[in-house]
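Each number in our numbering corresponds to the 1-based position in the sequence shown with 12 added.
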Amino acid sequence: MSEALTLEQAEMLTHVGLFAHLDRVALARLAACAEARAVGPGESVCREGDPADGLYVVSRGTFGVYLSGPSGIGETQVGVLGPGDSFGEMALLDDEPRSATVRAEASGEVLRLERSRFLDLLRKEPGVGYAIAVALSRLLRERDRVRMWGERARETGAEPRGTPTPAPPTRRSPRLGLGAGARRGIVTAVLAGGFGVMAVAVHALVGSPQWVFGLLMAAAVAMWTGQLLPDFAVALALVAAWVLLGVATPAQALAGFASMNWLFVVVVLAIAAAVARSGLMYRVGLLLVRRMPPGLVWQTATLLLTGLLLSPLLPSTMGRAALMAPLALAVAEARHLRDRDPGAAALGLAAWIGASPLAFAFLNASSLCLLAWGLLPEATRARFDWVQWLVAALPLTVLVSLGTLAMLFLVLRPKTDVGPFREGLQVQLAVLGPLSRREAAMVAVLLLTLIGWLLAPALGLDVALVGIAGLLLAVATGNLDRRALQELDWSFLLFFGVILSITGLVRSLGLDRASAEAVGPPLARLGLGPVGFVIALAVAGVLLEVLLGKTQTLLVLALALIPAAQALGVDPWVVVITLVAGPSMWFLPGQAPAYLVALAASEGRLYSPTQSRAVALGYTAVTLLAVVLSLPYWRLLGLV
Numbered sequence: 013m014s015e016a017l018t019l020e021q022a023e024m025l026t027h028v029g030l031f032a033h034l035d036r037v038a039l040a041r042l043a044a045c046a047e048a049r050a051v052g053p054g055e056s057v058c059r060e061g062d063p064a065d066g067l068y069v070v071s072r073g074t075f076g077v078y079l080s081g082p083s084g085i086g087e088t089q090v091g092v093l094g095p096g097d098s099f100g101e102m103a104l105l106d107d108e109p110r111s112a113t114v115r116a117e118a119s120g121e122v123l124r125l126e127r128s129r130f131l132d133l134l135r136k137e138p139g140v141g142y143a144i145a146v147a148l149s150r151l152l153r154e155r156d157r158v159r160m161w162g163e164r165a166r167e168t169g170a171e172p173r174g175t176p177t178p179a180p181p182t183r184r185s186p187r188l189g190l191g192a193g194a195r196r197g198i199v200t201a202v203l204a205g206g207f208g209v210m211a212v213a214v215h216a217l218v219g220s221p222q223w224v225f226g227l228l229m230a231a232a233v234a235m236w237t238g239q240l241l242p243d244f245a246v247a248l249a250l251v252a253a254w255v256l257l258g259v260a261t262p263a264q265a266l267a268g269f270a271s272m273n274w275l276f277v278v279v280v281l282a283i284a285a286a287v288a289r290s291g292l293m294y295r296v297g298l299l300l301v302r303r304m305p306p307g308l309v310w311q312t313a314t315l316l317l318t319g320l321l322l323s324p325l326l327p328s329t330m331g332r333a334a335l336m337a338p339l340a341l342a343v344a345e346a347r348h349l350r351d352r353d354p355g356a357a358a359l360g361l362a363a364w365i366g367a368s369p370l371a372f373a374f375l376n377a378s379s380l381c382l383l384a385w386g387l388l389p390e391a392t393r394a395r396f397d398w399v400q401w402l403v404a405a406l407p408l409t410v411l412v413s414l415g416t417l418a419m420l421f422l423v424l425r426p427k428t429d430v431g432p433f434r435e436g437l438q439v440q441l442a443v444l445g446p447l448s449r450r451e452a453a454m455v456a457v458l459l460l461t462l463i464g465w466l467l468a469p470a471l472g473l474d475v476a477l478v479g480i481a482g483l484l485l486a487v488a489t490g491n492l493d494r495r496a497l498q499e500l501d502w503s504f505l506l507f508f509g510v511i512l513s514i515t516g517l518v519r520s521l522g523l524d525r526a527s528a529e530a531v532g533p534p535l536a537r538l539g540l541g542p543v544g545f546v547i548a549l550a551v552a553g554v555l556l557e558v559l560l561g562k563t564q565t566l567l568v569l570a571l572a573l574i575p576a577a578q579a580l581g582v583d584p585w586v587v588v589i590t591l592v593a594g595p596s597m598w599f600l601p602g603q604a605p606a607y608l609v610a611l612a613a614s615e616g617r618l619y620s621p622t623q624s625r626a627v628a629l630g631y632t633a634v635t636l637l638a639v640v641l642s643l644p645y646w647r648l649l650g651l652v
């Protein structure tokens, strides 16, 4: 029977050679993953030839290590293990069966760390790898001592048990066919290649940069959707194509990397890395879990609500996403959830949705909301201040929030009782110890940075400059160093820089105006009533967002349809709130940069692309339904 560790058992881990180089945050994570198992006299913990399933540490009792004799007859004791000794790490590394049997000499106890957790720890903590190398050298010395026994066995003509037998050659199926992945790759390559050839032909024959840009973007979207190449590789190829085909100058093609927005994202990720390295977010996650109601539903709701309430305090979707993702990861780890477990996905996606898609609730929650407010006619802007915006958006916010929670559990179907809740939290907090100086310093850095972001508009400062100041403070307090900076997701940062260049080229090439002229008149001639118009607007927003992105969709449809909406008796605010709150295609590369920030900040461990895509489609249905259900309330306010 496996149980969570006690404080004494957790302290035992600090004396194990493998974990001697770990800091207290890593030890607290380790204590959360390890399990205690009682072993009776003569009971085997593992047997020679068994699959490797975990690493073991002796916490109580004495255990013998045995090797099978020649031809599997008898066995020889080759070692003794006592409290603090570990075994099983070698089989985990080479994925080979157990090389020996470990049996309890009397009643004892072992601490077990599952294979996946051990390998994850090995990737993150180089000190563990060094300790294993030392243990391996000791093991080789021990085996040298029994080598003579093996030589004598061979002299008798007996072959030791465990000699590998060559596996019979595998035969491939004679059927010729392509898997789903191969077919998708071929379709992607054909589509992307076709659009690319068309772009070259248009450049040579027509010379229209707008058409060339559109065809190149179609090729890039095909590559991004098919995932044939990494996102950053496709993005860099796009930059090269723009320059070679005369769509943009090198300065225009790389303008995204020279923007304060790109620098701000670098700063946000660096500060998030500093928070994670300090252990502060893990401590906050433990404390948050301890104070949460004991249900996964309530914890998911708490993360969603936390992200939402941060919106007016931290008016940056990327900043909120970078803060909430590590918090959700810490909560998932405290619940002992596996990476990308449905429960972890529910926590992570709830934190993301609360931090970004739900930002429409507050006027100052994001630049997109402020842009939407700026697109309103002067009279409408005068009516919709911060309070009136919140009052008008309140039912939509409540409906989307409740619908999102229900949708997360319907789509992901997590086990609501998965993992312990408060069990073992005190042990992990005890291992962490009191708030360290680095954590206290990181708290001060975060508070100063958040205050700076709040005051930046009034002071006329760019939020990126405030972020740089926060980054420098993190460096000065020892929470951010060169290694941490190197470990940032630079492939994402390369991709994000190109995405910023795309938005600039759309404006410089006049594609936003061209889209408005093409989309506006046909929609205005449909003759829909207010309800039909709002529904059609939401659907059009979904379709256009796939091609242009959220910001450009807002610009195009708001400029084109606000006059038509007023003629139909629909307030311009309803137009912009429908577009801002509408479905978010965050699962499409480049459509939601804040989502990429959240994905990078969570180390890709909370949810998979498949889970995210399913939730995004579910969120689309939720928002469309919520907009329709909000219409009676807006009618009471005289907005429709």
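All C-beta atoms in this analysis are idealised placements derived from N, C-alpha and C, irrespective of residue type, glycine included. Note that the structure is a prediction, hence the values are computed from the model and not measured.
**Q.** Pairwise C-alpha distance: A337 and T18
**A.** Numbered from 1 along the sequence shown, position 6 holds the residue referred to as residue 18. Numbered from 1 along the sequence shown, position 325 holds the residue referred to as residue 337. Whole-angstrom Cα-Cα distance: 29 Å.
Q.
Within a Cβ cutoff of 8 Å, which residues of the same chain sit near V279, ignoring the five residues on either side of it in sequence?
A. Looking up residue 279 in the sequence shown gives position 267. Sequence-distant partners of V279 (beyond 5 residues in either direction) whose C-beta falls short of 8 Å from its own C-beta, in its chain, are A476, G479, I480, G482 and L483.
Q: Would you kindly report the start and end of the unbroken beta strand (DSSP E) that includes V77?
A: Here residue 77 refers to the residue found at position 65 of the sequence shown. Element bounds for V77: F75 to S80.
**Q.** Inter-residue spacing [alpha-carbon to alpha-carbon] between P446 and A367
**A.** Numbered from 1 along the sequence shown, position 434 holds the residue referred to as residue 446. Numbered from 1 along the sequence shown, position 355 holds the residue referred to as residue 367. Going by the C-alpha atoms only, they are around 29 Å apart.
Q) Between which two residues does the alpha helix (DSSP H) containing G366 stretch? A) Start at 1 with the first residue of the sequence shown, and residue 366 comes out as number 354. Note, G366: alpha helix (DSSP H), P354 to A367.
Q. Assuming Q21 and S98 make a contact with CB atoms under 8 Å, what is their CB distance in whole Å?
A. Indexing the sequence shown from 1 puts residue 21 at position 9. Indexing the sequence shown from 1 puts residue 98 at position 86. Incorrect: roughly 14 Å between the Cβ atoms, too far for contact.
Q) Is it buried or exposed for S642, if we count other Cβ within 10 angstroms and need 16 for buried? A) Start at 1 with the first residue of the sequence shown, and residue 642 comes out as number 630. Here S642 is buried. Its C-beta has 16 or more other C-beta atoms within 10 Å.
Q: Report the residue from D65, T113, P109 and E117 whose alpha carbon sits nearest the alpha carbon of G86.
A: As a working mapping, residue 86 is identified with position 74 in the sequence shown. Nearest of D65, T113, P109 and E117 to G86, Cα basis: T113.
Q: Pair every Cβ in the segment 313 to 327 with every Cβ in the segment 274 to 290, then say whether three or more of these pairs are closer than 8 Å.
A: Contact fails: fewer than three Cβ-Cβ distances are below 8 Å.
Q | Sequence-distant residues of the same chain with beta carbon closer than 7 Å to L317, five excluded per side | A | Numbered from its first residue, the sequence shown carries residue 317 at position 305. The residues are G366.
Q. Closest by CA to V370, which one among V592, F31 and L618?
A. As a position in the sequence shown, residue 370 is number 358, starting the count at 1. Note that residue 370 corresponds to Leu in the displayed sequence, not to Val. Of the listed residues, the one whose Cα sits closest to L370 is V592.
Q) Are the segment 411 to 425 and the segment 385 to 392 in contact at 8 Å, needing three or more beta carbon pairs? A) Not touching, per the Cβ criterion.
Q. Roughly how many angstroms separate the alpha carbons of A685 and R41, rounded to a whole number?
A. Residue 685 falls outside the range modelled here, since the chain spans only 13 to 652, and no answer is possible.
(Q) Here's the rule I'm using: 16 or more other beta-carbon atoms within 10 Å means buried, otherwise exposed. How should A358 be labelled? (A) Within the sequence shown, residue 358 is the residue found at index 346, counting from 1. The residue in question, A358, is buried, as its Cβ has 16 or more Cβ neighbours within 10 Å.
Q: Report the partner residues of Y68 according to the DSSP bridge assignment.
A: In the sequence shown, the residue the question calls residue 68 occupies position 56. According to DSSP, Y68 bridges with F99 and R124.
Q: Please name the residue, chosen from G96, Y631, N376 and W310, that lies closest to M24 on a Cα-to-Cα basis.
A: Taking the sequence shown and counting its residues from 1, the one referred to as residue 24 is at position 12. Looking at G96, Y631, N376 and W310, the one whose alpha-carbon comes closest to that of M24 is G96.
Q.
Checking the sheet assignment: what are the DSSP bridge partners for E87?
A. As a position in the sequence shown, residue 87 is number 75, starting the count at 1. Per DSSP, the beta-bridge partners of E87 are S80.
Q: Verify the CB distance criterion: does L483 have a CB-CB separation below 8 Å to chain C?
A: Absent from the structure: chain C. Only one protein chain is present.
Q: Would you kindly work out how many angstroms separate the C-alpha atoms of L467 and A384, rounded to a whole number?
A: As a working mapping, residue 467 is identified with position 455 in the sequence shown. As a working mapping, residue 384 is identified with position 372 in the sequence shown. Distance between the alpha carbons of L467 and A384 is about 22 Å.
**Q.** Unbroken alpha helix (DSSP H) run spanning S290, endpoints
**A.** Sequence index remark: in the sequence shown, residue 290 carries index 278 (1-based). Its alpha helix (DSSP H) spans residues M272 to S290.
Q. Does the segment 394 to 408 come close enough to the segment 345 to 365 that 3 or more CB-CB pairs lie under 8 Å?
A. A contact between stretches requires three or more CB pairs, one per stretch, nearer than 8 Å, and the segment 345 to 365 fails this requirement with the segment 394 to 408.
**Q.** V246 to Y619 span [Cα, whole Å]
**A.** Residue mapping note: residue 246 aligns to position 234 of the sequence shown, counting from 1. Residue mapping note: residue 619 aligns to position 607 of the sequence shown, counting from 1. Using only the alpha carbons, I get a separation of about 23 Å.
Q: Taking only the alpha-carbon atoms, compute the straight-line gap between G431 and P306 and give it to the nearest angstrom.
A: Taking the first residue of the sequence shown as 1, we reach residue 431 at position 419. Taking the first residue of the sequence shown as 1, we reach residue 306 at position 294. Only weak support exists for where G431 lies, its pLDDT of 49 falling under 50; the value from the coordinates is given anyway. For G431 and P306, the distance between alpha carbons rounds to 11 Å.
Q. Would L34 pass as a contact of Q222 if the rule is Cβ separation under 8 Å?
A. The count along the sequence shown starts at 1 and reaches residue 34 at position 22. The count along the sequence shown starts at 1 and reaches residue 222 at position 210. Not in contact: L34 and Q222 (Cβ atoms no closer than 8 Å).
Q. My guess is that A496 and A286 are in contact by the Cβ rule of under 8 Å, so how many angstroms apart are they, rounded?
A. In the sequence shown, residue 496 corresponds to position 484, counting from 1. In the sequence shown, residue 286 corresponds to position 274, counting from 1. Yes, they are in contact, since the Cβ atoms of A496 and A286 sit about 7 Å apart, within 8 Å.
Q: Determine the extent of the beta strand (DSSP E) in which R115 is found, giving its start and end residues.
A: In the sequence shown, the residue the question calls residue 115 occupies position 103. Per DSSP, the unbroken beta strand (DSSP E) holding R115 starts and ends at T113 to A116.
Q: Answer with buried or exposed for K427, where buried requires no fewer than 16 other C-beta atoms within 10 angstroms of its C-beta.
A: Here the question's residue 427 lines up with position 415 in the sequence shown. Residue environment analysis places K427 among the exposed positions, since fewer than 16 neighbouring C-beta atoms fall within 10 angstroms of its C-beta.
(Q) So, with DSSP's three-state summary, where would you put E345? (A) Stepping through the sequence shown from its first residue, residue 345 is reached at position 333. Collapsing the DSSP output to three states places E345 in a helix.
Q. Nearest-angstrom Cα distance between L485 and G464?
A. Taking the first residue of the sequence shown as position 1, residue 485 is located at position 473. Taking the first residue of the sequence shown as position 1, residue 464 is located at position 452. Each residue's Cα considered, the two are about 13 Å apart.
(Q) Can you give me the C-alpha to C-alpha distance between S80 and R115, rounded to a whole angstrom? (A) As a first step, residue 80 must be located in the sequence shown, where it is residue number 68. As a first step, residue 115 must be located in the sequence shown, where it is residue number 103. Looking at the two C-alpha atoms, the distance is approximately 13 Å.
Q) Residue range of the beta strand (DSSP E) that E47 falls in? A) Taking the first residue of the sequence shown as position 1, residue 47 is located at position 35. Where E47 is concerned, the enclosing beta strand (DSSP E) stretches over E47 to V51.
Q. Under three-state DSSP, which class holds W646?
A. Position 634 of the sequence shown, counted from the first residue, corresponds to residue 646. Here W646 sits in helix by DSSP.
Q: Would you mind working out which of M235, A373, A38 and D474 sits nearest T409, comparing C-alpha positions?
A: Taking the sequence shown and counting its residues from 1, the one referred to as residue 409 is at position 397. Ranking M235, A373, A38 and D474 by Cα distance to T409 puts A373 first.
Q | Nonlocal neighbours in the same chain, by C-beta distance under 6 Å from E50, ignoring five residues either side | A | On the sequence shown, position 38 is the one that residue 50 refers to. First, the amino acid is wrong: residue 50 is Ala here, not Glu. Here the set comprises E121.
Q | Any non-hydrogen atom of the ligand NAD within 7 Å of V609 CB | A | No copy of the ligand NAD appears in this structure; indeed no ligand is present at all.
Q | 3-residue-minimum beta strand (DSSP E) runs that sit fully inside the segment 396 to 464, ordered along the chain | A | Listed in chain order, there is nothing to give.
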